[in-house]
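Sequence lines, in order, name chains R, E and V.
If you read the first sequence in numbering that gives the first Met the number 0, its first letter stands for residue 0, the second for the next number, and so on.
If you read the second sequence in numbering that gives the first Met the number 0, its first letter stands for residue 0, the second for the next number, and so on.
If you read the third sequence in numbering that gives the first Met the number 0, its first letter stands for residue 0, the second for the next number, and so on.
C-beta atoms are modelled at their ideal positions from N, C-alpha and C, and glycine is treated no differently.
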Amino acid sequence: MAERMQLCNLSENNFEQCTKCSICTTVCPVAAVTTDYPGPKQAGPDGERYRLKDPAYFDKALKLCLNCKRCEVACPSGVHIADIIQHARMRATEGHRASLRDTMLANTDLLGTMANLVAPVANATLGLSPVKMVMHSMMAIDKHRTFPAYSRQKFTTWFKRHAAQSQDAYSNHVSYFHGCYVNYNFPKLGQDLVKLLNAMGYGVHLLDKEQCCGVALIANGLYKQAKRQARTNIASIRTAVNRDHHMVLTTSSSCTFNMRDEYATMLDIDNSDVRDNITLATRFIYNLVDEGKIKLIFKQDYKRRVAYHTACHMQRMGWQLFSIELLRMIPGLDLIELEQECCGISGTYGFKKENYERSQAIGSALFKSIEQAQVEAVATDCETCKWQIEMSTGLPVENPISILADALDVEATRQANGIK
Amino acid sequence: MRMDTVIMGGGLSGLACGIALAKRGKRVAIVASGQSTLLFNGGSMEMLGYVDGKAVTSPLEAIATLPQSHPYSKIGAERIAALSERVKLLFNDSGVNMTGTANANHWRITPMGVAKPAWLTLNDHLRIDDLNNLPAKRLALMCIRGYFDQPNSMMAMGLRNLGFEVKVIEFTTDDISALRRSPSEMRATNLAKRLVSHSALQRIADQINSLAGDADMVLLPSVFGQSDDSDFQSLQSKVNKPLRLIATLPPAVAGMRIQTQLRHYFRMLGGTYLMGDSAVSGTIEGDQLTSITTAKMNDMPLRADNFVLATGSFVSRGLRADYERIYEPVLDLDVDADADREQWTRFGVLEPQAYMRYGVATDEQFRCRKQGKTINNLYAIGSVLSGHDAVKMGDGTGVSLLTALAVNDLIIAKK
Amino acid sequence: MVTEDINNKEYDVIIIGGGATGAGTARDCALRGLKVLLVERNDYSTGATGRNHGLMHSGARYAVTDGESASECISENMILRRIARHCVEETDGLFITLPEDDLQYQRTFVDACERAGIRADIIDPDEARAIEPAVNPALIGAVRVPDAAIDPFRLTVANLLDARLHGADTLNYHEVEGMVINQGRVEGVKLFNKLNGSHVEVRGHVVVNAAGIWGQRIAQLAGVNISMFPARGALLIFGHRVNNMVINRCRKPANADILVPDDTVCVIGTTSDRIPIETVDDMRVTREEVDVLLKEGVKIAPSLATTRIIRAYAGVRPLVASDDDPSGRSISRGIVCLDHAQRDGLEGFITITGGKMMTYRLMGEIATNAVCAKLGNTAPCVTASQPLPGSEEGAPSQDDLTKRYSFGQRAAIGRHGSLAARIEKDNDIDNALVCECEGVTVGEIKYAVHQLHVHNLVNLRRRTRVGMGTCQGKLCSCRAASLMGEFRHDVKGAQEDLAAFLDERWKGVRPVAWGDTLREAQLTSTIYEGLCGLDMAVNMQGKEDVQ
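Structure representation (structure tokens):
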């Protein structure tokens with residue numbers, strides 16, 4: 000018999016490893032709230048066999064998929080169910096133009112740049128009722144949504160003015176992919192990371208050139224633009240890795256997942272040489288602590304009760320463990336690990352008028368469990384989960400990095416790590 | 000990352016072992032590659048259902064007759080009696096409400112209306128202790144209109160064969176028929192997600208109360224309560240006759256509930272459950288496994304004093320078969336299996352299949368071997384073990400639970 | 000319409016065999032106004048009809064070795080594209096030359112195709128790789144021909160439906176156990192009804208033996224001798240399509256040299272082995288056959304080495320020894336029509352055999368001509384121009400399909416063509432999917448059970464594709480069995496049928512039970528035996544022959 004015959008099944012996205020066990024259908028947040036969506040099994044491996052026969056079997060309802068990847072996490076057979084669905088959407092929308100609304104939502108950095116210039120006005124206008132009504136009816140952005148507030152000063156501006164000069168003084172160095180959210184909406188998270196890493200003895204540097212990671216572009220079918228931006232980012236990351244020997248850290252689970260996994264699977268961009276160098280800050284820090292390379296000392300008087308929500312893409316990466324274990328190192332923090340449920344926003348999905356109700360229905364189980372947890376704040380590694388949970392529960396939502404920075408005894412930590 | 004024990008596999012055996020260890024204060028991580036075969040469980044645990052095709056009356060007695068190759072023989076009948084009591088406690092602590100005894104099997108009713116021997120069954124599911132003394136005379140079998148994962152007529156036929164009078168009643172409510180708008184998604188688990196609110200349950204109770212007539216017990220498909228039995232209790236409180244659930248085709252709500260409750264309890268005990276990740280390789284030094292690497296943490300090996308292999312059988316990919324051989328995919332451990340592909344299977348689908356008994360080879364203490372050498376800190380539990388047949392002997396869940404606790408004891412007893 | 004009352008009925012013609020040839024003959028006879036009875040001992044299309052590649056030959060495969068067959072093929076190929084549109088997928092085919100093959104043969108091949116009237120375009124290997132990415136990239140030559148894929152189950156049923164529409168009676172599960180012969184003349188047949196165990200005798204002026212490889216036995220019952228040479232061929236089904244065009248090797252026909260995209264799957268075949276006639280009912284595929292198919296198959300499409308195999312099956316070609324040479328050395332693949340009056344002095348008996356599924360219509364025409372000659376019927380044959388039921392104009396356009404129909408409805412239109420309009424789809428329950436792999440709805444099952452002679456789940460599978468997907472019936476067979484029990488008011492029977500169906504599925508799975516296919520099998524056993532206890536509920540003895 001010929002060698003290497005039938006030793007494995009290697010279809011694209013492992014789709015033929017599906018044994019039709021239907022386990023994926025038990026975790027799909029969309030199918031749980033609407034019958035318009037055929038569920039991950041039908042939309043994914045079942046439909047794919049027919050689409051291979053004839054692409055006309057594509058079902059428009061596939062656009063209801065959140066791409067939360069919970070089906071992939073649950074699948075005992077390693078089938079990339081969500082990837083199958085996303086690839087089918089990609090093939091079906093080739094050559095189609097995205098709507099103005101989708102283009103606008105997807106271009107988080109463009110929107111951010113414009114908004115930063117006029118932040119006070121933008122914040123006021125985007126939050127204003129008549130403007131919301133226009134967006135609701137003309138742009139189909141749901142009226143219940145408030146765009147996250149835009150910061151007056153971009154993170155990059157702050158960094159150049161206040162931090163860049165002092166970074167070379169440290170003996171270890173990392174690069175930071177800040178992402179759109181930190182840059183335009185919430186520079187504080189970036190500042191917290193710098194504070195934390197500096198206290199550990201690590202200097203922080205920006206990439207030569209950073210563009211939006213493109214997660215929203217992919218979700219909205221703007222693949223060409225996503226590819227261009229991905230190429231730019233990977234080139235910058237490559238430079239940081241090869242020239243500077245840096246790890247590239249992020250503070251967003253979505254950006255991380257997108258750059259590590261979706262670049263290759265969705266955009267066909269080879270990132271294999273640098274993939275392992277892109278990591279979430281919490282994972283990076285946990286690893287250093289675990290290996291005994293650094294120490295973190297926390298304030299004695301810090302007291303807080305916080306619930307941790309695992310963002311979908313975080314769960315897909317399987318990295319929630321690092322954020323949770325790091326937070327558990329804070330003596331005064333009472334951490335509740337929430338059951339793993341989708342919040343329903345899925346990036347820009349929940350912003351669209353047609354998805355609003357579904358989005359809230361999907362999140363309702365999570366909101367209920369947050370309420371029952373009786374906490375002061377929620378921690379999560381994803382910025383869009385943050386918007387959704389803040390809007391839906393009224394509780395503040397923070398990135399674990401911010402909580403760590405907040406609880407950190409900076410002086411004691413610096414000393415413990417031998418930094419003057 | 001360093002743990003006291005790392006368990007590969009997050010199904011019934013992995014969770015049971017993880018809970019037992021975490022209760023003793025051990026730092027435990029479970030690596031679970033997706034949901035487990037518990038989702039094919041109809042709400043019962045079986046210790047030993049059949050020997051040589053004949054139904055077993057007393058599992059504890061019958062265990063003594065098993066061949067030496069059976070995992071139970073390695074534990075010993077006496078210890079199994081003690082361990083079986085601890086299994087009940089473990090379920091109880093986890094909030095899984097089950098009843099039964101290892102001294103005498105009761106009968107569970109399968110989705111096709113067949114009575115099969117069982118050890119423990121969820122309290123809200125139908126079980127019969129004595130076929131000559133049925134728990135009810137007249138049954139109302141409530142069937143959901145448009146729900147096809149419950150072969151109602153076969154169930155009714157089976158129940159009548161057991162001596163019940165059965166009235167088959169088809170019903171639906173707005174909540175249920177709304178789900179049927181989906182051509183594919185009217186599944187037990189999706190029904191259970193929708194049938195949770197007070198009003199949805201009340202609508203079902205109204206149907207039962209008006210249709211059940213003179214029945215003295217009402218049966219419903221097991222589509223209530225994915226995370227505990229509170230939805231069932233709520234429904235029971237609205238109905239004036241005793242209710243019991245009957246297993247459906249998978250994915251099964253009962254198994255999902257058991258899995259959820261065990262996992263929740265494990266987390267509460269401080270255990271780390273890595274969902275959607277799987278062990279891909281390990282480092283063996285001398286007679287010790289020092290660390291394993293997982294698919295998602297490829298640069299960060301999990302180190303531990305002890306490791307437990309609870310990766311399941313072929314279905315769960317704990318064992319793999321390819322064109323040429325049968326092997327254990329993480330560490331290529333020694334397996335008990337026929338080398339010749341022709342021997343793996345038999346011609347008739349319902350005949351006992353040889354491959355069902357394949358599994359990793361272990362010593363008397365469930366320690367694994369690689370190329371004939373025992374690995375002293377690597378234990379195998381559950382369906383990945385050789386020498387038993389969950390399908391034909393009805394010993395799958397029992398082997399999972401009892402070997403899990405037996406290995407827990409071995410690990411705790413070390414040093 | 001499940002069982003006809005055939006007692007005391009007298010027919011112009013009785014056709015034995017419910018394969019494509021029998022069905023085609025029944026249709027032709029009925030269209031010419033004859034009173035027709037067709038009988039089949041098992042289900043329709045259980046013999047060679049349902050056990051081949053599902054390839055609609057262009058004839059190119061035979062061009063070099065058998066010009067006559069090649070011409071027949073291309074002519075029938077063009078006819079079937081018109082009359083059986085809903086059974087045909089116009090894929091086109093490639094004949095590829097690999098480095099190990101002689102490229103000279105390509106010229107011989109193309110010339111022969113031209114002589115037979117088959118369009119054969121030599122294309123650049125690069126173009127071949129572009130239009131069919133699954134093809135072995137090492138190829139050094141490629142010829143494009145009008146091969147296509149055809150569904151033999153649908154084709155047979157469509158012929159039977161049309162025959163019935165024109166007054167024919169058709170019965171499955173009726174086995175011929177004897178001939179009624181009177182003074183050198185066949186006057187009817189003795190039948191055993193396998194469904195109810197009764198025996199019945201039916202009269203007919205002419206009896207046509209269209210029983211394929213089993214035709215030798217039928218002829219024996221009539222006291223005449225035909226020497227059949229059973230040639231067994233095994234095939235493998237892969238879980239999904241890797242290719243969208245038929246791929247053949249451009250060389251003399253050999254083992255496993257054709258890969259056909261059939262509906263949602265693809266099929267590699269065949270082996271070719273002469274077997275003793277006594278063994279024609281043993282269709283179990285051997286390990287050696289699987290090995291040969293794989294070894295050769297990967298040369299056509301390398302990805303087959305890592306693609307999941309869901310099933311293996313085998314069929315027997317009914318080859319006939321020429322009357323001049325009963326030793327069997329000169330066997331014809333061509334059509335053989337024997338008028339036993341001329342050949343053996345037995346009146347009223349005709350055998351139609353040889354040929355191939357591809358030329359079933361022509362075989363029907365030839366046989367019907369012979370029947371009509373005996374009966375003095377002069378009506379012309381119209382089967383080449385009249386579309387089969389399901390292939391009439393008026394099927395929804397592709398655009399309509401995506402906009403207005405659900406997945407299950409679309410799949411049903413793909414299977415039944417315009418007849419899909421008969422499937423109920425006005426309520427949620429009829430639209431519910433029973434088989435999720437293949438998109439078979441409750442409505443389609445109702446239609447099949449009530450209108451397409453379905454007695455058991457295996458019949459249902461042949462009519463609808465229930466259980467033909469990658470899970471081989473794991474999810475759907477219980478749902479389908481339970482519906483069948485309801486429709487047919489026989490729950491116990493449905494439960495036994497379910498076990499028999501799983502057993503039938505397993506027969507094809509077992510030879511390829513490794514990898515994910517073995518996982519799938521274990522899960523099926525876990526559900527039906529472990530969870531459901533089906534093995535405890537049924538007795539499997541004596542269930543096999545009802546398939």
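Quick one: give me the first and last residue of the alpha helix (DSSP H) that residue i is part of.
| i | result |
| --- | --- |
| residue 27 (chain R) | Taken as a continuous stretch (DSSP letters only), residue 27 (chain R) belongs to no alpha helix (DSSP H), as it is neither H nor E. |
| residue 188 (chain R) | 186-198 |
| residue 58 (chain E) | 58-62 |
Since residue i and residue j are thought to touch, with beta carbons under 8 Å apart, how far apart are those beta carbons, to the nearest angstrom?
| i | j | result |
| --- | --- | --- |
| residue 471 (chain V) | residue 528 (chain V) | At roughly 15 Å, the Cβ-Cβ gap does not stay under 8 Å, so residue 471 (chain V) and residue 528 (chain V) are not in contact. |
| residue 311 (chain V) | residue 511 (chain V) | 5 Å |
| residue 387 (chain E) | residue 345 (chain E) | Actually they are not in contact, since the Cβ atoms of residue 387 (chain E) and residue 345 (chain E) sit about 18 Å apart, beyond 8 Å. |
| residue 333 (chain R) | residue 436 (chain V) | So it is not a contact: roughly 49 Å between Cβ atoms. |
| residue 125 (chain E) | residue 243 (chain E) | 4 Å |
| residue 70 (chain E) | residue 402 (chain E) | 5 Å |
| residue 136 (chain V) | residue 128 (chain V) | 6 Å |
| residue 428 (chain E) | residue 398 (chain E) | A question about residue 428 (chain E) goes unanswered here, because the residues of chain E that appear run from 0 up to 414. |
| residue 388 (chain V) | residue 164 (chain V) | 7 Å |
| residue 384 (chain E) | residue 359 (chain E) | 7 Å |
| residue 203 (chain V) | residue 12 (chain V) | 6 Å |
| residue 190 (chain V) | residue 175 (chain V) | 6 Å |
Tell me the residue span of the beta strand (DSSP E) that contains residue i.
| i | result |
| --- | --- |
| residue 280 (chain E) | 278-284 |
| residue 369 (chain E) | 366-369 |
| residue 411 (chain E) | Residue 411 (chain E) -> not in any beta strand (DSSP E); alpha helix (DSSP H) instead, spanning 395-412. |
| residue 312 (chain V) | 308-320 |
| residue 140 (chain V) | 140-144 |
Handout entry: Segments assigned alpha helix (DSSP H), at least 4 residues, entirely inside the segment 56-95 of chain R
Key = 69-73, 80-91
Practice task
Specify whether the segment 299-306 of chain E and the segment 66-85 of chain R touch according to this definition: at least 3 beta carbon pairs, one from each stretch, less than 8 Å apart.
Solution key: no
Problem - Continuous alpha helix (DSSP H) assignments of at least 4 residues falling wholly in the segment 336-412 of chain R - result: 355-372, 382-392, 399-406
Practice task
For the segment 346-379 of chain V, list the alpha helix (DSSP H) runs that are entirely contained and at least 4 residues long, ordered along the chain.
Solution key: 359-374
Exercise for the section: With 8 Å as the C-beta to C-beta threshold (strictly closer), list the residues of the segment 295-324 of chain E near chain R in chain order. Expected result: 295, 296, 297, 298, 299, 314, 315, 316, 321, 322, 323
Problem - Contacting positions in the segment 234-264 of chain V - beta carbon closer than 7 Å to chain R - result: 238, 239, 240, 262, 263
Handout entry: the segment 22-34 of chain E contacting the segment 268-276 of chain E, beta-carbon criterion three pairs below 8 Å
Key = yes
Handout entry: At least 3 beta-carbon pairs within less than 8 Å: the segment 277-294 of chain R vs the segment 316-327 of chain R
Key = yes
Problem - Proximal residues, the segment 25-57 of chain R versus chain E, C-beta separation under 9 Å - result: 25, 26, 27, 30, 31, 32, 33, 34, 35, 36, 37, 38, 40, 41, 45
Problem - Inter-stretch contact at 8 Å, needing at least 3 Cβ pairs: the segment 441-459 of chain V / the segment 422-433 of chain V - result: yes
Problem - Sufficient close CB pairs (3 or more, under 8 Å) joining the segment 47-66 of chain R to the segment 185-197 of chain R - result: no
Handout entry: Three or more C-beta pairs below 8 Å linking the segment 275-286 of chain R and the segment 301-309 of chain R
Key = no
Exercise for the section: Could you name the residues of the segment 243-261 of chain E whose beta carbon sits closer than 9 Å to any beta carbon of chain V, in the order they occur along the chain? Expected result: 246, 248, 249, 251
Handout entry: Contact residues within the segment 332-357 of chain R, judged by C-beta distance below 9 Å to chain E
Key = 336, 338, 339
Problem - At least three beta-carbon pairs within less than 8 Å, the segment 165-182 of chain E to the segment 202-219 of chain E - result: yes
Problem - At least 3 beta-carbon pairs within less than 8 Å: the segment 48-67 of chain E vs the segment 307-323 of chain E - result: no
Practice task
Please determine if the segment 139-155 of chain E and the segment 481-497 of chain V are in contact, where contact requires at least 3 C-beta pairs separated by less than 8 Å.
Solution key: yes
Problem - At least three beta-carbon pairs within less than 8 Å, the segment 295-311 of chain V to the segment 1-18 of chain R - result: yes
Problem - Complete beta strand (DSSP E) runs within the segment 169-246 of chain E (minimum length 3 residues, chain order) - result: 216-220, 242-245
Practice task
Take every Cβ of the segment 337-355 of chain V, pair it with every Cβ of the segment 29-48 of chain R, and state whether three or more of those distances are shorter than 8 Å.
Solution key: no
Exercise for the section: Enumerate, from N- to C-terminal direction, the unbroken beta strand (DSSP E) stretches of 3 or more residues contained entirely within the segment 225-298 of chain R. Expected result: 246-249, 277-279
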